[in-house]
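Reviewing the structure listed below.
Protein chains: 2
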Amino acid sequence: MSTENDKHVYDFSEGKKELKLLLGGKGANLAEMTNIGLNIPQGFTLTTATCLKYYEDPKKVMEIIKPEILDAITRLEKKYNKKFGDLKNPLLFSVRSGAPMSMPGMMDTVLNLGLNDESVKGVAEETNNDRFAYDSYRRFLQMFSDVVMGIELDHFEEILNSYKAKKGEDAKDTDLEVDDLKQIIEEYKALYQKKIGSPFPQTPQDQLFHSIDAVFKSWNNKRAITYRRMNKIPNYGTAVNVQVMVFGNKGWGSGTGVAFTRDPSTGEKRKFGEYLANAQGEDVVAGIRTPKTMEEMKEEFPKVYDELIGLMDKLEDHYKDMQDIEFTIEDGELFILQTRNGKRTPSAAVKIAVDMVKEGLITKEQAIMSINADSISDLLFKSIDPKADITVLAQGINASPGAVTGIAIFDSDKTEELATKENKNVILVRPQTKPDDVHGLYASVGVLTQFGGKTSHAAVVARGIGKPAVVGAQNIKIDLKNRQFTVGETVVKEGDYITIDGTTGKIIKGQVPLVFPELTKEFNELLDMTDDVKKLGIRANADTPTDAYKALEFGAKGIGLCRTEHMFMAQERLPVVQKMIMAKTTEERKEALDKILPMQKGDFYDIFKIMKGLPVTIRLLDPPLHEFLPDYTELMLEVQKLKLTNSITDEELKEKEDLIHTMRTLHEENPMMGLRGCRLGITWPEINEMQVKAIFQAACELKKENIDVKPEIMIPLVGMLSELKLVKDQLIKIAKETIESYNVDLNYKFGTMIEIPRAALVADKIASEAEFFSFGTNDLTQMTFGFSRDDAEGKFLPIYLEKGIMKENPFEALDQEGVGQLMQMAIKKGRGVRPDLKCGICGEHGGEPSSIDFAHRIGLNYVSCSPYRIPVARIAAAQANIRNKE
Amino acid sequence: MSTENDKHVYDFSEGKKELKLLLGGKGANLAEMTNIGLNIPQGFTLTTATCLKYYEDPKKVMEIIKPEILDAITRLEKKYNKKFGDLKNPLLFSVRSGAPMSMPGMMDTVLNLGLNDESVKGVAEETNNDRFAYDSYRRFLQMFSDVVMGIELDHFEEILNSYKAKKGEDAKDTDLEVDDLKQIIEEYKALYQKKIGSPFPQTPQDQLFHSIDAVFKSWNNKRAITYRRMNKIPNYGTAVNVQVMVFGNKGWGSGTGVAFTRDPSTGEKRKFGEYLANAQGEDVVAGIRTPKTMEEMKEEFPKVYDELIGLMDKLEDHYKDMQDIEFTIEDGELFILQTRNGKRTPSAAVKIAVDMVKEGLITKEQAIMSINADSISDLLFKSIDPKADITVLAQGINASPGAVTGIAIFDSDKTEELATKENKNVILVRPQTKPDDVHGLYASVGVLTQFGGKTSHAAVVARGIGKPAVVGAQNIKIDLKNRQFTVGETVVKEGDYITIDGTTGKIIKGQVPLVFPELTKEFNELLDMTDDVKKLGIRANADTPTDAYKALEFGAKGIGLCRTEHMFMAQERLPVVQKMIMAKTTEERKEALDKILPMQKGDFYDIFKIMKGLPVTIRLLDPPLHEFLPDYTELMLEVQKLKLTNSITDEELKEKEDLIHTMRTLHEENPMMGLRGCRLGITWPEINEMQVKAIFQAACELKKENIDVKPEIMIPLVGMLSELKLVKDQLIKIAKETIESYNVDLNYKFGTMIEIPRAALVADKIASEAEFFSFGTNDLTQMTFGFSRDDAEGKFLPIYLEKGIMKENPFEALDQEGVGQLMQMAIKKGRGVRPDLKCGICGEHGGEPSSIDFAHRIGLNYVSCSPYRIPVARIAAAQANIRNKE
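So the sequence lines, in the order shown, correspond to chains R and V.
Quick note: the first sequence uses my numbering, first residue 1, plus one each step.
Quick note: the second sequence uses my numbering, first residue 1001, plus one each step.
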């Protein structure tokens, strides 16, 4: 053992906040508070290094540290003029674990350590407060037995409750009398003896060393090890804090409480707190009695109140953040036990940050860094009123955020009818949705499906049109025949009200009060602050004029992904699209495409016009064509039924069989890896040609109206230079012809998605033809891991996350090690050939903070995400720049 | 223009074979033959560099080179004592293109250049052979018009045939008389005038310069450019060879022919040749008359025969290879026009190579390099007799090699019945096969399907059990109801004979004579030679004892891939496997697995025993489980039918609906990217546990019998270290327990497949746990390109190959640029952590020569391929080592 580590014990007055790794979070904090002169019950900290040493040879280390601990106690005895183990006026301690990072599984607090059968009597006499003395001893017995010795807490609660019950139905702990407490103590000791096989330790030193030993051991219990492995927390070891007790349970002139320097739920600058008189420890949080307010404190403890108010300002000023303070009042004297940055709601966080900038307390950068970027997207959607009393019926996959209430309807036609004719709020409930259901999805207020994952049809469409969706709720059993669904015993019939929460995946029976989002002034101010701070550009994934408006409203500087397939799925277009797919000849196909052309042109015209010269990246048709066709099995069943019941003419049958044949020809075992993306354009060039014609006609018409347009054509699913070159050469020709025919000047770009691993591997070649790269991280993640999102999330991914094989869902937070490695490779190779190559992300990762940080670090130019994620992205992008400058 | 390139014309006597890039293949060869003293009609070559210069400024370059050409002609005039353009005894030339690599699209030969209306009379007089003179002029007119001027040949053939027709039904060209020829010539000239608008050029110099110009131009015609782009041939330019004519058509004392130094079809060391008297140029090859044999030549031209025999020995000795010689006899004098390495059948190639080593003519290495590795696998399978007169009905995908004849049967039960009870040769014909069809596949002699690609169920099973298969024959329409299939108008009824060729994909109506493979002594000698030469180890992909025997027979040194799913699909096991899949609890699943355990153990026991201590790499269960279940749509249709016709009891219905529910739960949108590989083992650990138990029990029992065993357990589809670690830790425990319970010593390894792009990216991490890497290049190719083999080959890959987007099918020849890059990365990272990491390929690329060459270059330890590809792999591995040493 090195000499450097020979100091195992630090008095609070010896530490500082910078020694967090050595003293643990709690120990460093106690030292810091001591340093700034707060009235802190003093004590000492055993270092984390001691804990690690302990694991080399527990017995030896305990022997080595004992004298140091006793020395520290001696110093405290002098300071407080009390003796540890004294029979009259003993010094008592609390013992707490305190690792450098807070983590579950670690040993809990033991209070009132040092009491025994004798000294409890002395304390009673000395304080002239029997109730206090026996209440403290009772608590100590319970905590030591539970926390240190591992006897189940339930046994103690049972005993305690049996005495409370004798006092009446609503009896509180304070209703127990001294004799009750004495009897409880006897029963506790008997229980201890029975469970452990020896009497409750009466020597204070034994109690202390036992407790310290237990803290050290708790560092390596199973739960802690698992947690550390899953969260990649290093093996720091834990510190142990031994602190002199102060007593909030010494009578009605004492108490314990919690205070916040600002309102943690709204962020308002108003001091907020709760306390209980004659209580100790966790009593306020545990809710054993209804706590009192700060106003009541002003009445009850005016001096303490004034002191606390003053301290709160001082602390906020010192820590430059809203503080959450734990305090104890012992006989009218205020002690601070803890202060830390307070937890707050997302809207409070925004208000506090912006206010503090205005108050000159923090910088813009600090304000931005104080926000949990991810959580602020919750501010944009309706949510279930947290005060509402709800019973969750089932849990599905949260596929599109927001909560909504409506009547459950089991098919799309009826949904449309009820919604449009009777103005009902309808939630469409289906096993899954298909393109046939698009009109139902549009008419509904939200959708619930039994099958499918976050990329299922229902999920994609719902996110696209901004409606809440819960999908893959496998525990609901939909019975289409009887038009109802069941969850266990509960039956929801058609027309019954349900509520779904697409933010959390919850499904609730009946109507539930919802909370509406309110975009505050501060929210917009905060977003504006990000503009000076971030480097990454922010674009939106937007397929419709509505999306485009939303994107601008939230501050997007362009569209990074405009998917054209959505435009193909609109109800009035689908029949034409199906005709195009079923075409037997190129001519037939062109005929159908000619009908789609003006529709697509209209779409692009509107979007370009809204975006007023900001870049709009349009992805050419991407999905497998059978996505536009009805379900094969259902069609087969229909035909068989019609045949068996003789209700189909030969001519109709022929037509159906034709359809079946085409569907069979188009069928793919793995559509994700089939005829889609640029492969479609290579197989049937006329589809791409129509799209490019529509894009450039729309753009040129706007140019004629003197409105600026910046189209960027994105060719999806490229894996080889030759693919890109073939498609691009063909399309540039059409672009040029169109522009010439309008006789306008138009700047445009042709680029590609990087979403196939091979594209990243040969990015140098591809960059010779591509004017920009847009990383399609959804597909890239699928191909790099070799699993499809739908199948993974529906099957094994939950198991992977549960077993800790993966820490995060790679479809939510970008896999930097694998997928990210490919991205870095692609950027390096691509810019090696074309130094000004513009690179962005347009997968869903573009709106996820850790992925945005990565995007910043690897030098992307922009991220693109759904309109509702843009505020998150703006904050995360600013945070990334601040964090990585540091 | 550089001075270095100022020499544009090389006389044959100035060249040598090393100047192939400058003189083209033909020019260098003519020079070489001149150098070794053969009787070659002399001439000169215009260099390829001249051709490239020509493209800078055609007119100028033609002017520059003309004097050089005329000088060369003057030298030839002196040598042959004739004048170019002389009216009595003119020197005539042939003009031929000659690029460094032979390629289609280049200009053809022009013979007899220099004749005109006047000199043809002179020649007639001088040779006293009117027929010869006018025949030569007729030929020249035709060739020049067609080849140089691009007039369609058909027009000339029409004229010629009209004259032949007048001579009788079977008239030959030699039946034409001088007057006929004169009239033909007049008609030819008129045709020329009509098509070109000017008379046929009468000046020999003009004829020559025109021809040279046409050769240069042909280098950049569309066909040639496309071919070069597709085959990545550089822009070398072409040379032009101008050679003095000798005449095989000078009468019955002249002739022209072709001779081989060994039999090109058997490889036997016996001289072989064919010739025609009184003929010129391509007459022998074109088959205008039946050629005569070498025996007849011995009679007809005894002197020439002796000379030719002597020359053949000399040439073979010089070129160290079997020669294909073109010769002309002019008035009894033998001229050699060309000699080159002769084309031969695969079996001849083997015999010639081995014989030549024995004769001391070439080294082992040269022998091995002389073999086209790919083609020799044809020697192992039955094929359609090349002499048979067949009509191909349709073309499918060649999924499992070999040709076979049998009666078409449309379901598996009937196939089994007819095959086992009536001993019929049955070809199972299905839209596609499912696990339910395995008994039919086993009982059949081959399988034909309408749908699916090379990795479809039918294809995989057929290859596994070594039966011919043609799949995805989309032009056949199977009508199961009427038990027949149609192709256009042709109907094949159940019981009709058909023949399928799994090597080529051909489907033929009726019985066809087949040729049986014969493994010669030389074949085995050649394979044995590879052992001293190659570095790569060769293993087999073998799932059954039959495969294992075959693998040893062909010289495999272990099993590189033993797939266990095949074992699950055997007919008597499938119900148990299905029970295992449908199990509702872990207990139910274990119960089913307990029944499978002894079966699997038996499989492994047999294979280990056959492989006698050679390493056997066993892959744990890999495919998605629904592969073991019936078709969902079919099941739904069946249930609906039973319900509509009231032919099902409630109890049966319940059972069916249970099955439907399970299938729905297991259903995956993209099974290739779903719950399979190690994900199965993580989700249901009991499956892997059973397999590992079976492997180690089998191994330990053999150890007890003193038979050595080397199991290598391969965990499939790993993408993250954490997956591998979890599975491996769990399985090693079982392995150790099993070994302990048998109390034996057993060496074993745990390794992984690298078949997910991410695995290659994090191979350094994975190598910390994996004792070997086996590249699953099939899956790795799919994931790297982002397309599934089935869907790609059935849909867009043919278009990609046709359009030249890809040069080769990446599922056949490894994509070195993309997939190969990942492999190199994985090897580098893996060996960085574990320097002795054993790496191999077990995808189908392991049996493909260019992929084997790559495997050698990137330092793999072995390749593993199907037993029938092992000879190919051994030769290709040896070639790789020789080639890369050079």
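Every residue, glycine too, gets a C-beta built ideally from N, C-alpha and C.
- For Q1782 (chain V), go through chain R and note every residue whose CB falls closer than 7 Å to its CB, in chain order. What Q1782 (chain V) touches in chain R: M673.
Is the region 119-126 of chain R touching the region 166-174 of chain R, taking contact as three or more C-beta pairs under 8 Å? Contact between the region 119-126 of chain R and the region 166-174 of chain R is absent, because fewer than three Cβ pairs lie under 8 Å.
ask   = For R228 (chain R), does the three-state DSSP call read helix, strand or coil?
value = R228 (chain R) falls in the helix class under three-state DSSP.
| Quick one: what does DSSP say F84 (chain R) is sitting in, helix, strand or coil? | Assigned with DSSP and collapsed to three states, F84 (chain R) falls in coil, not helix or strand.
Counting only C-beta atoms, is K1303 (chain V) closer than 9 Å to chain R at any point? No - not a single Cβ of chain R is within 9 Å of the one on K1303 (chain V).
Starting from the beta carbon of D790 (chain R), find every residue of chain V whose beta carbon is closer than 7 Å, and list them in chain order. Correct list: E1669.
**OP:** Note down, in chain order, each residue of its chain lying with its Cβ closer than 6 Å to the Cβ of D1175 (chain V), except the 5 sequence neighbours on either side.
**Re:** Apart from the 5 residues on each side of it in sequence, D1175 (chain V) sits with its Cβ closer than 6 Å to the Cβ of K1167 in its chain, given in chain order.
**Request:** Select from the region 1450-1477 of chain V all residues with a C-beta closer than 8 Å to any C-beta belonging to chain R, and list them in chain order.
**Result:** Of all residues in the region 1450-1477 of chain V, F1451 and Q1474 have a Cβ within less than 8 Å of some Cβ in chain R.
With which residues is E333 (chain R) paired in a DSSP beta bridge?
DSSP output for E333 (chain R) lists R:E330 as bridge partner(s).
Is it buried or exposed for Q1600 (chain V), if we count other Cβ within 10 angstroms and need 16 for buried? In the assembly as shown, Q1600 (chain V) is a buried residue. Its beta-carbon has 16 or more other beta-carbons within 10 Å.
- Using the DSSP secondary-structure output, state which residues sit across from R340 (chain R) in a beta bridge. According to DSSP, which records beta bridges pairwise, R340 (chain R) is partnered with R:D324.
(message) Comparing C-alpha positions only, which one of R:R344, R:D479 and R:G453 sits nearest to V471 (chain R)?
(response) Considering only R:R344, R:D479 and R:G453, the residue with the shortest C-alpha distance to V471 (chain R) is R:G453.
Looking at the secondary structure, which residues open and close the beta strand (DSSP E) in which D1011 (chain V) lies? D1011 (chain V) -> beta strand (DSSP E) spans V1009 to D1011.
*Tell me whether the beta-carbon of V240 (chain R) lies closer than 9 Å to the beta-carbon of I212 (chain R).*
Contact flag set, yes.
Between V:E1326, V:S1102, V:M1322 and V:Q1338, which has its C-alpha nearest I1371 (chain V)'s C-alpha?
Ranking the options by Cα distance to I1371 (chain V), first place goes to V:M1322.
(Q) Within the continuous beta strand (DSSP E) that includes P711 (chain R), where are the two ends? (A) It spans K710 to I715 - the beta strand (DSSP E) in which P711 (chain R) sits, taken as one unbroken run.
Quiz prompt | With 16 other Cβ atoms within 10 Å as the buried cut-off, status of W252 (chain R) | solution = Exposed, by the Cβ-count rule.
Open item on the list: Quick check on F516 (chain R): buried or exposed, where buried means 16 or more other Cβ atoms within 10 Å of its Cβ?
Closed with: By the neighbour-count rule (16 or more Cβ atoms within 10 Å), F516 (chain R) is not buried but exposed.
(request) Answer with yes or no whether the minimum CB distance from T1585 (chain V) to chain R is below 9 Å. (result) No, T1585 (chain V) lies away from the interface with chain R (no Cβ there is under 9 Å from its Cβ).
> Should R1096 (chain V) be labelled buried (16 or more other beta-carbon atoms within 10 Å of its own) or exposed?
Replying inline: Answer is buried; the Cβ neighbour count reaches 16.
Closer than 9 Å, CB to CB, is M1569 (chain V) near chain R or not?
-> Taking Cβ atoms only, chain R never reaches closer than 9 Å to M1569 (chain V), which makes this a no.
| query | Counting contacts by CB-CB distance shorter than 9 Å, is D135 (chain R) in contact with chain A? | reply | Absence of chain A from the displayed structure is noted, the protein chains being R and V.
Going along the chain, which residues of its own chain have a beta-carbon closer than 8 Å to the beta-carbon of D791 (chain R), five neighbours each way excluded? Taken in chain order, the residues that qualify are G453.
In chain R, which residues lie with their C-beta within 9 Å of the C-beta of T1633 (chain V)?
-> Within 9 Å Cβ-Cβ: Y632, T633, M636 and L637.
Using the Cβ count rule (16 or more neighbours within 10 Å means buried), how would you classify L1726 (chain V)? Buried, because 16 or more other Cβ atoms sit within 10 Å of the Cβ of L1726 (chain V).
Same chain, Cβ closer than 6 Å to P1199 (chain V), neighbours up to 5 away in sequence not counted: Q1193, listed in sequence order.
With 16 as the cutoff for other CB atoms within 10 Å, does R430 (chain R) come out buried or exposed?
That one is buried.
Review point. Relative to the C-alpha of F796 (chain R), which residue among V:F1854, V:E1705, V:M1753 and V:I1682 is closest?
Key: It is V:I1682 whose Cα lies nearest to the Cα of F796 (chain R).
State the beta-bridge partners of T1293 (chain V) as determined by DSSP.
DSSP output for T1293 (chain V) lists V:E1274 as bridge partner(s).
Closest to N1112 (chain V) by C-alpha separation, out of V:Q1243, V:S1851 and V:A1049, would be which residue? Closest by alpha carbon: V:Q1243.
Once the 5 residues before and after L1721 (chain V) are set aside, which same chain residues still bring their CB inside 8 Å of it?
Contacts found: V1762, K1765, I1766, S1768 and E1769.
*C-beta neighbour in chain V for E723 (chain R), strict 9 Å*: By this cut-off, E723 (chain R) is an interface position.
Next item on the list: Consult DSSP for M1 (chain R) and reduce its assignment to one of helix, strand or coil.
Entry: Legend: pLDDT at M1 (chain R) = 38, less than 50; position of this residue unreliable, no value from coordinates given.
Check your understanding: Is S145 (chain R) closer than 9 Å to F132 (chain R) when the C-beta atoms are compared?
Key -> No, the Cβ-Cβ distance between F132 (chain R) and S145 (chain R) is not below 9 Å.
Next item on the list: Spell out a yes or no on whether the region 570-584 of chain R and the region 436-443 of chain R are touching, meaning 3 or more CB-CB pairs, one atom from each, closer than 8 Å.
Entry: Judged by Cβ distances under 8 Å, the region 570-584 of chain R makes contact with the region 436-443 of chain R, as three or more pairs qualify.
- request: Using only alpha-carbon positions, find the residue among V:E1186, V:N1881, V:D1547 and V:A1699 that is nearest to Y1137 (chain V).
  value: Considering only alpha carbons, the answer is V:E1186.
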